[in-house]
Amino acid sequence: MTSPHAEALGRARTAADFAAVIALLDTDLKDGLARRGELAQAEDRAVFSDGDLAAARAALDDCNDTIALLEKTIDAAGERRADAAASEARADVAALGDEIKAKAATLGERWRTVHRLVEQLRQELFEADA
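This is the structure in structure tokens:
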């Protein structure tokens, strides 16, 4: 994993941040997979005396290690993204709960005002009939 991606992954806090880092890592993974194909062909050529076989195998092993690291990092970032999304959802639900409580209090106050006005009108009608 390259240093900028490691820094970005370390700074990521929201699900969107993790998604952006995962996209960067996924791009690196695709590049690594393409490079692995090229290195496999170079190894095949080296087997038939067209290059340094040890160097080709070492490069292929390094590429495979990098790919494995990227896959693990993407998986870990995906889990952290899911955790961040769940945390954000809990915060959103809590905020909505607070908003609902405030609206319920306002509605309750308005209902008491309506009830008081209805009672006042009933009293006035009763007095008008008498």
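Each residue of the sequence shown is one higher than the one before, starting from 336 at the first, in my numbering. All residues carry an ideal CB built from backbone N, CA and C; glycine is no exception. Predicted model only: the values in this text are computed from it and were never measured.
Subject >> Alpha-carbon to alpha-carbon, A420 and L360 >> reply: The sequence position of residue 360 within the sequence shown is 25, counting from 1. The sequence position of residue 420 within the sequence shown is 85, counting from 1. Going from the Cα of L360 to the Cα of A420 covers about 19 Å.
**OP:** Measure the alpha-carbon distance for S384 versus C398 and round it to whole angstroms.
**Re:** Here residue 384 refers to the residue found at position 49 when the sequence shown is read from its first residue. Here residue 398 refers to the residue found at position 63 when the sequence shown is read from its first residue. Using only the alpha carbons, I get a separation of about 22 Å.
Original post:
With DSSP run on the structure shown, which of helix, strand or coil describes D387?
Top reply: If you number the sequence shown from 1, residue 387 lands on position 52. Looking at D387 - three-state DSSP - the assignment turns out to be coil, as it is neither helix nor strand.
Original post:
Is DSSP giving M336 helix, strand or coil here?
Top reply: Counted from its first residue, the sequence shown places residue 336 at position 1. Interpretation of M336 is limited by its pLDDT of 49, a score under 50 that renders its predicted location unreliable; no figure is taken from the coordinates.
Subject >> For A465, three-class secondary structure by DSSP >> reply: Taking the first residue of the sequence shown as 1, we reach residue 465 at position 130. Coil at A465, not helix or strand.
Original post:
If we ignore side chains and look at the alpha-carbon of each, how far apart do A355 and G345 end up?
Top reply: Locating residue 355 in the sequence shown gives position 20, where the first residue counts as 1. Locating residue 345 in the sequence shown gives position 10, where the first residue counts as 1. Cα-Cα distance, rounded: 12 Å.
**OP:** Please determine, among A412, L368, A377 and A393, the residue with the shortest C-alpha to C-alpha distance to E342.
**Re:** Residue 342 sits at position 7 when you count from the first residue of the sequence shown. The shortest C-alpha separation from E342 is found at A412.
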